[in-house]
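Structure, as structure tokens:
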Amino acid sequence: MGCLSSKLNPFLSVEWNLKMEEESSHFRSTDVLYTTLEFIVRYHGALSQVTLYWFIMPNDTEDVTVTSGNITFHTEQRKANLTVNILPDEIPELDKTLSVYIINVTHGRLGVHTNATLTILANDDPYGLLIFSGKNRPIKVEEETKNVTLTIVRLKGHLGVVKVTYRTMYDEDVSFYLPSNIARATLGEDYLPISGFVILPANETINIFDDTVPEEEESFRVWLKNPKGGAEIGSNGYVTIVIPSNDDAHGVVAFAQTVAAYEIPPPDNILKLSIVRKAGTFGSIKLDWEATPASASPKDFSPSFGNLIFADGQVCSILIKHLLPYFYHLILMTTITIIDDEEVEFLEMFTITLLRVTGDARLGDDVQMMVTIAPNDSPAGVFSFEEKHVSESKIVYILPDTL
């Protein structure tokens with residue numbers, strides 16, 4: 168607040184309010200911001216026209232368009248306005264003070280208070296605009312015991328010492344920004360909570376817990392809170408940390424056992440193969456397999472390829488639980504028919520291979536199985552006596568007859 172006074176026979180007094188803010192809610196144009204300074208004048212006589220001359224110091228300032236001018240008070244006029252044009256820019260600046268002086272008045276004399284202070288408030292975030300680095304939006308980390316480094320970026324101005332507090336979200340905090348397709352990580356189980364403050368520039372670490380529980384992708388969020396020293400928090404004042412699915416959340420697929428096959432008549436000529444899905448059972452997965460002859464012929468078995476579908480969280484009567492919690496095997500069966508024929512055959516073999524699995528699961532170690540078809544249709548022959556009838560007077564010779 169400043170006071171301006173001037174004297175005209177018999178007396179002239181002027182007061183004004185010069186506190187304003189650059190780019191505030193005052194009058195605006197596309198290029199220039201106007202602020203109006205109101206004068207209260209002529210507490211006594213107002214019998215003639217008076218011209219008031221003024222200037223602004225420093226006169227080389229680039230914050231206003233004009234640094235000098237005059238105001239005319241007409242007869243009986245007791246109030247006039249001084250309009251100062253403030254030039255907006257994008258340069259971060261602290262409070263800036265200008266002095267407005269009255270240097271002369273016509274048909275009268277100046278009073279005691281001939282200067283006032285014009286303060287342009289700090290603008291364009293001189294203390295900085297705080298956000299998390301774009302490289303941290305989001306962060307993807309593997310689930311293992313490790314620290315995650317978050318970088319806080321101070322944009323725009325770097326004036327003054329700035330303090331900003333931070334904390335991880337609590338489980339009861341509501342956030343509309345976490346991805347809806349990713350499960351929310353649990354505080355204390357998936358990561359350690361942090362809170363505190365930093366004096367910029369600074370980096371902060373978050374502890375990620377490693378466990379053996381198969382889990383789908385999870386996320387949590389860290390917010391910047393309560394900046395001090397005049398800084399503000401920008402629209403990117405948070406960072407999302409994503410922990411990808413881990414510990415084989417979608418399963419590890421392999422054969423459960425080895426088998427031997429026998430060429431026998433239907434309906435017992437079905438070869439049942441157990442395929443196990445270990446670890447997690449999140450999501451639906453598809454397994455492709457094929458059978459290739461070794462010493463066997465392609466006509467000894469059918470089909471020669473196929474696939475199995477494991478549904479999301481599939482449960483069946485042959486579910487096998489392990490002693491370790493959260494770990495279980497889910498077994499499905501695929502069948503291959505061993506074709507019964509009348510050909511004389513020795514030991515034959517063919518191979519069944521698990522080729523690929525989709526749905527973010529992976530193949531285990533036992534992905535190949537050798538199936539043995541035992542010798543069949545008597546490849547070495549069948550021995551028996553040939554039955555003959557003779558009289559008592561004849562000698563009988565028993566000779567082997569090979570079939």
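In short: position in the sequence shown from 1, add 167, done, that's our numbering. Backbone N, C-alpha and C define an ideal beta-carbon position, used for all residues, glycine too. Fair warning: this is a prediction, and the values are worked out from it, not measured in the lab.
- When the five nearest sequence neighbours on each side are left out, the beta carbons in the same chain lying within less than 7 Å of the beta carbon of Asp292 are those of Pro259, Lys323, Gly324 and Glu399, in order along the chain.
- Just measuring C-alpha positions, the residue of Ala213, Leu214, Val267 and Ala247 sitting nearest Ile223 is Val267.
- Taking C-beta atoms under 8 Å as the contact rule, Gly418 and Thr448 qualify, at a distance of about 6 Å.
- Distance from the CA of Ile287 to the CA of Thr264, rounded to the nearest whole angstrom, comes to 6 Å.
- The count of Cβ pairs closer than 8 Å, one atom from the stretch 304 to 314 and one from the stretch 408 to 416, reaches three, so the stretches are in contact.
- Put simply, of Val331, Val217 and Pro381 the residue whose alpha carbon is nearest the alpha carbon of Gly295 is Val331.
- Minimum Cα-Cα distance from Asp262 among the listed residues Arg351, Gly327, Val279 and Ile361 corresponds to Gly327.
- Considering only Ser235, Leu440 and Leu254, the residue with the shortest C-alpha distance to Thr518 is Leu440.
- In the structure shown, Gly301 falls within a helical segment according to DSSP collapsed to helix, strand and coil.
- Gly450 is a Cβ neighbour of Gly526, given a cutoff of 7 Å.
- Take the alpha-carbon of Glu384 and the one of Thr353: they are about 12 Å apart.
- Distance from the Cα of Ile298 is smallest, within the candidate group Trp390, Ser471 and Ser464, for Trp390.
- Here the C-alpha atom of Trp221 lies approximately 15 Å from the C-alpha atom of Thr228.
- Between Thr232 and Asn252, the C-beta gap is smaller than 7 Å, which places the two residues in contact.
- Every unbroken stretch of the beta strand (DSSP E) spanning 3 or more residues and falling wholly within the stretch 238 to 269 is given here in chain order: 248 to 253.
- With a contact defined as Cβ atoms closer than 8 Å, Asp230 and Leu254 qualify at about 6 Å.
- The closest CA to that of Asn393, considering only Arg334, Val341, Thr379 and Ala421, is found on Arg334.
- Look at Pro470 here: in three-state DSSP terms it is coil, with no helix or strand label.
- Your pair Glu311 and Asp415 does not check out as a contact, with CB atoms roughly 14 Å apart and the cut at 8 Å.
- Taking the Cβ atoms as the reference, Ala213 lies roughly 6 Å from Arg245, within the contact range of under 8 Å.
- Membership of Gly295 in any beta strand (DSSP E) is not indicated, and neither H nor E is assigned to it by DSSP.
- Assigned with DSSP and collapsed to three states, Pro381 falls in coil, not helix or strand.
- Bridge partners of Leu322 according to DSSP: Leu296.
- For the 7 Å CB-CB criterion, Val365 and Ile452 do not form a contact.
- Thr239 is not a Cβ neighbour of Thr273, given a cutoff of 7 Å.
- Its chain contains Glu457, Ala458 and Pro465 as the residues whose beta carbon lies nearer than 7 Å to that of Ser471, once the 5 sequence neighbours on both sides are disregarded; these appear in chain order.
- Per DSSP, the unbroken beta strand (DSSP E) holding Thr518 starts and ends at Glu515 to Val524.
- In this structure, the alpha-carbon of Thr520 lies about 4 Å from that of Gln535.
- Excluding sequence positions up to five before and after Thr242, its CB lies within less than 8 Å of the CB of Ala213, Leu214, Ser215 and Gln216, all in the same chain and listed in chain order.
- Counting of Cβ neighbours within 10 angstroms places Pro381 among the buried residues, the total reaching 16 or more.
- DSSP, reduced to helix, strand and coil, places Pro465 within a helical segment of the structure shown.
- Beta-bridge pairing by DSSP links Asp455 to Asn474 and Arg523.
- If you look at Ser347, you'll find it isn't in any beta strand (DSSP E); DSSP assigns it neither H nor E.
- Rounded to whole angstroms, the Cβ separation of Ala421 and Gly531 is 3 Å, and the two are in contact under 8 Å.
- Between the beta-carbon of Leu345 and that of Ser386 there is about 6 Å, and that keeps the pair under the 8 Å contact cut.
- Counting C-beta atoms within 10 angstroms of its own C-beta, Asn348 has fewer than 16 neighbours from the protein chains shown and is therefore classed as exposed.
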